[in-house]
Amino acid sequence: MGSVITWLGGQKQPCYYIGFPEKLAAMSNTIVDAFAFCRLGEQRDGVTPVTGFARLAAEAAKPEGEIRWSFDGGRHPRGYPQLSMAVEGEVSLICQRCLLPFSYAFATQSLLLLASDEADADATEQTVDDESVDVIVGSAALDLLQLVEDEALLAIPLSPRHPQCPDGQAVPAPEKPDSPFAVLHNLKK
Ligand SMILES: [Zn+2]
35 MGSVITWLGG QKQPCYYIGF PEKLAAMSNT IVDAFAFCRL GEQRDGVTPV
85 TGFARLAAEA AKPEGEIRWS FDGGRHPRGY PQLSMAVEGE VSLICQRCLL
135 PFSYAFATQS LLLLASDEAD ADATEQTVDD ESVDVIVGSA ALDLLQLVED
185 EALLAIPLSP RHPQCPDGQA VPAPEKPDSP FAVLHNLKK
């Protein structure tokens, strides 16, 4: 266990914890009080197998791969509680070109601002007016893994394809015969 450094200057400033205080360790590691998490500048990270996410696993071609994730609580320059979320991993998907499964890798970073309810979320979105941040309704029992799963599902392309199919030559469908014009053009050379 590391020592706990608390900030005595008031709640506006973040406290930095080195190691986990007992009280936090006793709580669920992935269901957090979102506002306290941000106020205290807490952090969580972990690795969860794809099979640990029901909706993501349903999209996967094979029950393999893992998702690495981290959250940092803090405060937006404009005063809103903010969660920095990083999600990366690999999911087995079916290539829509050659129909073989392949490991699709992705990495995303998001900045989530916390609002107290839907109306507050709308107001915050308008005030901040920044496409690069998302506003979510925070709660005293925010499921971080649900955010991770949502993010992973968004990262999966609708029509996944190998960057280069291993047997691209053997797939007849995308290969078009030379057009008569191209043949003619070559003959003229
Ligand atoms: Zn392919």
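Just add 34 to wherever you are in the sequence shown, counting from 1, and you've got this note's numbering.
Backbone N, C-alpha and C fix where the C-beta goes; we use that ideal spot for every residue, glycine too.
Query	Result
Three-pair Cβ contact test at 8 Å for the region 112-130 versus the region 180-197	yes
Bridge partner(s) assigned by DSSP for Pro135	Ile128
Beta-carbon spacing of Ser173, Ala68 below 8 Å	yes
Run of the beta strand (DSSP E) containing Phe105, from where it starts to where it stops	Glu100 to Arg109
Close-in-space but distant-in-sequence residues of the same chain around Ser166 (CB under 8 Å, 5 per side omitted)	Leu145
Closer than 7 Å: Leu127 CB and nearest ligand 1 heavy atom	no
Cutoff 6 Å; reference Ile170; Cβ partners in own chain excluding five residues on either side	Leu146
Reduced DSSP category for Arg112 - H, G, I as helix; E, B as strand; rest coil	coil
Straight-line Cα distance separating Cys132 from Ile101	25 Å
Proximity of Arg112 and Val162 at Cβ, strictly below 8 Å	yes
Closer than 7 Å: Cys72 CB and nearest ligand 2 heavy atom	Summarising the ligand content, the structure contains ligand 1 and does not contain ligand 2.
DSSP-derived helix/strand/coil call for Ala95	coil
Beta-carbon contacts of Cys72 that lie in its chain and below 7 Å, excluding the five residues immediately before and after	Gly107, Gly108, Arg109, Pro115, Gln116, Leu117 and Leu148
CB-CB length for Phe140 against Cys129, believed under 8 Å	Between Cys129 and Phe140 the Cβ distance is about 15 Å, and since that is not below 8 Å, they are no contact.
Expected contact under 8 Å - CB spacing of Ala95 and Leu127 to nearest Å	6 Å
Residue closest to Leu179, alpha-carbon to alpha-carbon, out of Arg195, Glu76, Pro83 and Gly75	Pro83
Alpha carbon of Val66 to alpha carbon of Asp177, nearest angstrom	7 Å
6 Å Cβ shell around Glu159 - same chain, five flanking residues per side excluded	Val169
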